[in-house]
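*Asks:* Pasting a structure here, questions to come.
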Amino acid sequence: MYALALATDYDGTLAENGIVSDATRAALERLKETGRKLIMVTGRELADLESVFPELGMFDKVVAENGALVYTPASKKERILAPAPPAEFVDRLMMRKISPLSIGRSVVATREPNETIVLEAIKELGLELEIIFNKGAVMVLPSGVNKATGLAAALEDLELSAHNVIGIGDAENDHAFLRAVGFGVAVANALPKVRETADHVTNGARGAGVRELIEGLISHDAALLDTARQRIEIGADGSGAMMHLSPRGGSVLLAGTSGIGKSTLATALTERFVEQGFQFCVLDPEGDYEELEDVLVVGDAKSPPSSREIFDLLSKPSNNVAVNMLGIKTEERPNAFAKLLPELAALRARTGRPHWLIIDEAHHVLPHARDGTSFALPNSLSATILITVHPDLVSRDVLAGVDTVLALGSEADKVVESFCAAIGEDVPEGVVPPPENKVLYWNRSTTDPARPIAVERPRQERKRHIRKYAEGDLGDNSFYFRGADGTLNLQAQNLMMFLHIAEGIDDRTWEHHLRAGDYSAWFRNQVKDEGLAEEAAIIEDDESLDPHRSRAAIAEAIHRRYTAPAD
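Pasting the structure below:
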């Protein structure tokens, strides 16, 4: 499920003349049976609500007093979110003999046309209070308190994101919370302005409209939530049409040759997630995302990530998490990921979050060789971005769930060909490499052809993440000291291990690799540090340096670039 909760107003929405019909109560029960949460969001005071609606216990949370109070029926606990009304203000209204007049924990309520007297009292006393209208009702609350803020507090208790909530209402005071949820609905009897701003208007009025929405939610779930608020815009095609990704769709394959900009595009996508309030989690085998903005990192080159810490952080919808797997040996990462994925799937099933998963080096952690194992759960990989150089090496089960392909570089057509061959489908017609600085976009769920799109670069500068090269496990990209005769097989899985082995090997082995240019080639092609490679090449070409001095020179260059204190 993607839509995990229904937030509903009471008067004029759930209830007619203060009463909820048997049919509407039955519909609410059906919705609860699906495992979804029910949240009431009302301007009424709690005691008043309980007197007219004894079945309040079917709701998981009640936001009362127009956002000033959150009540949990199961525990009967109340949480006051706003201060009590100022005594001098209440006294002034009583002195003016306003009627009707109700004083709640935080709200002061009356009816039109008493708003003129209320406003005069606020001005005379210099108070920071707001007047909120609700179809003739006049409510006074501290500035900034409304149904949206109250709902946010209730969702925090439930560990839910507003993106996964459908809201329904009818009056002026419902505007704020209907704009805050993932899908805002107005019943047919709603005020014209509410109907105009809602994402959808029901055919039925009041309870009938709520029942109509519940039936649609049970039948269609996320299909109801196909709105601009749920989409991530990624770029425009030649006609100016905007292409987008949706968290309710399948997974996304982001592929291309090494160094072509896959991580840069992924970074730009994370910025869109943050802007729109989507939670994301990055599975980062090589430590490339540890300095990403708006993200909390678990694990490093020396310490494997803790599952408990990952899920403690993800329990808060505003936290984004990068799982740095450098501390796990390369060959053990698929198993580690296979253990982590079911927990992520369970969290998503319960809370709808994280809304997006980003799996870098997908061919390492989801390899083709593991097809059919427990991690290959199509439903758990919805809204997942798979980043890889080798689509053909990714699990076929996982590739089958790909909805959108983003292919980069001059060989983008070969990426699509490789993907189609892996899943046993014909390559679509007209697939050609995109122009420079564009990305090939192909949405498999439509009949539209693959097309080049222009994508914006990320706001944040991509930084070089040196720790993985200094201390991590580079796996297949390790350096091997083999010697002139090939009798050795000493693996240096990172730069620090390279220096350690270099100090202990014999001069003949050191010079063999030095004169062959092996060190600069490794720095350039596997460590991907052109500057270090150029320094090493100069040392390799300088025949006046003996083994001791050449060792020292290369060691100095590595220490200067990788172990010097940060600026």
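First residue of the sequence shown: 8, per my numbering; consecutive thereafter. Positions of the beta carbon are idealized from the N, C-alpha and C atoms, including for glycine. All values derive from a computational prediction rather than experimental measurement.
1) On the DSSP bridge list, what partners appear for Arg118?
2) Considering Gly223, what are the terminal residues of the alpha helix (DSSP H) in which it resides?
3) For His566 and Phe530, I'd like the C-alpha separation in whole angstroms.
4) Once the 5 residues before and after Ala343 are set aside, which same chain residues still bring their CB inside 6 angstroms of it?
5) In this structure, how does DSSP classify Asp181 when only helix, strand and coil are distinguished?
6) List the residues that DSSP assigns as beta-bridge partners of Met504.
7) Is there contact between the stretch 391-410 and the stretch 246-262, where contact requires at least three CB pairs shorter than 8 angstroms?
8) Note down the Cα distance separating Arg103 from Leu56, rounded to an integer number of angstroms.
9) Sorted by chain position, which residues of the same chain lie with C-beta nearer than 7 angstroms to Glu36's C-beta, five sequence neighbours on each side aside?
10) State the DSSP-derived secondary structure class of Ile175, mapped to helix, strand or coil.
11) Between the C-alpha atoms of Arg451 and Asp514, what's the straight-line distance to the nearest angstrom?
12) Roughly how many whole angstroms lie between the Cα atoms of Ala345 and Leu158?
13) Over what stretch of residues does the alpha helix (DSSP H) that includes Met65 continue unbroken?
14) In its own chain, which residues sit with a C-beta less than 7 angstroms from the C-beta of Ala275, not counting the 5 before and 5 after it?
15) Counting C-beta neighbours from all protein chains within 10 Å, is the total for Glu131 16 or more, i.e. buried, or is it exposed?
16) Which runs of the alpha helix (DSSP H) fall wholly inside the stretch 304-374 and span at least 4 residues, in chain order?
17) Taking all protein chains shown into account, do 16 or more other C-beta atoms lie within 10 angstroms of the C-beta of Arg360, making it buried, or fewer, making it exposed?
18) Do the CB positions of Ile175 and Gly133 come within less than 9 angstroms of each other?
19) Taking 8 angstroms as the cut-off, is the C-beta of His207 nearer than that to any heavy atom in the ligand ATP?
20) Tell me Ile110's beta-bridge partners as DSSP assigns them.
21) Using only the alpha-carbon positions, how far apart do Asn386 and Pro120 sit?
22) Step through the CB atoms of chain D and report whether any lies within less than 9 angstroms of the CB of Ala12.
23) Might you give, ordered along the chain, the residues of its own chain that have their beta carbon closer than 6 angstroms to the beta carbon of Ile512, omitting 5 neighbours on each side?
24) Using three-state DSSP, classify Asp18 as helix, strand or coil.
25) Do you know whose CA, among Ile129, Val48, Leu108, lies nearest Pro93's CA?
26) Is DSSP giving Thr380 helix, strand or coil here?
27) Using 8 angstroms as the cut-off, can you tell me whether the stretch 498-510 makes contact with the stretch 473-486, which would need three or more C-beta pairs spanning the two stretches below that distance?
28) Of the residues Phe318, Gly263, Arg213, which one's Cα is nearest the Cα of His397?
29) Candidates Asn326, Leu108, Glu297, Arg112: which alpha carbon is nearest Gln286's?
30) Kindly give me the distance between the Cβ atoms of Val172 and Ala12, rounded to whole angstroms, as I take these residues to be in contact under 8 angstroms.
31) Would Glu240 and Arg186 qualify as a contact pair, given that the criterion is a beta-carbon distance under 9 angstroms?
32) Note down, in chain order, each residue of its chain lying with its Cβ closer than 7 angstroms to the Cβ of Pro292, except the 5 sequence neighbours on either side.
33) Kindly list the residues whose CB is nearer than 6 angstroms to the CB of Ala193, restricted to its own chain and excluding five residues on each side of it in sequence; keep chain order.
34) Is the beta carbon of Glu300 closer than 9 angstroms to that of Gln467?
35) Flag this pair as yes or no: are the beta carbons of Arg86 and Asp164 separated by less than 9 angstroms?
36) Excluding sequence positions up to five away, which residues of its chain have a Cβ less than 6 angstroms from the Cβ of Gly111?
*Replies:* The short version:
1) Note: Arg118 sits in a beta bridge opposite Ala144.
2) 213-227
3) 14 angstroms
4) Ile335
5) Here Asp181 sits in helix by DSSP.
6) In the DSSP output, where bridge partners are listed per residue, Met504 has none listed.
7) yes
8) 27 angstroms
9) Met65
10) strand
11) 57 angstroms
12) Roughly 36 angstroms separates the two Cα atoms.
13) Premise fails: Met65 is in no alpha helix (DSSP H) and is neither H nor E.
14) Val462, Glu463, Arg464, Pro465
15) exposed
16) Runs found: 314-321, 340-358, 369-372.
17) buried
18) no
19) Here there are no bound small molecules, and the ligand ATP is not part of this structure.
20) Residue pairing of Ile110 in beta bridges, as defined by DSSP: Val115.
21) Because Asn386 sits at a pLDDT of 42, beneath the cut-off of 50, its placement in the model cannot be relied upon, and the following sentence gives the value as read from the coordinates. If I take the Cα positions, the gap works out to 54 angstroms.
22) Absent from the structure: chain D. Only one protein chain is present.
23) Phe488
24) For Asp18, the three-state secondary structure derived from DSSP is strand.
25) Ile129
26) With a pLDDT of 48 at Thr380, under the threshold of 50, the modelled position of that residue is not reliable, and the figure given next carries that caveat. Note: Thr380 maps to coil in three-state DSSP.
27) Under the 8 angstroms Cβ criterion, the stretch 498-510 counts as touching the stretch 473-486, having at least three qualifying pairs.
28) Gly263
29) Asn326
30) 5 angstroms
31) no
32) These residues qualify, in order along the chain: Met332, Arg340, Asp367, Glu368, His371, Val372.
33) Val201, Arg202, Ala205, Val208
34) yes
35) yes
36) Glu52, Glu72
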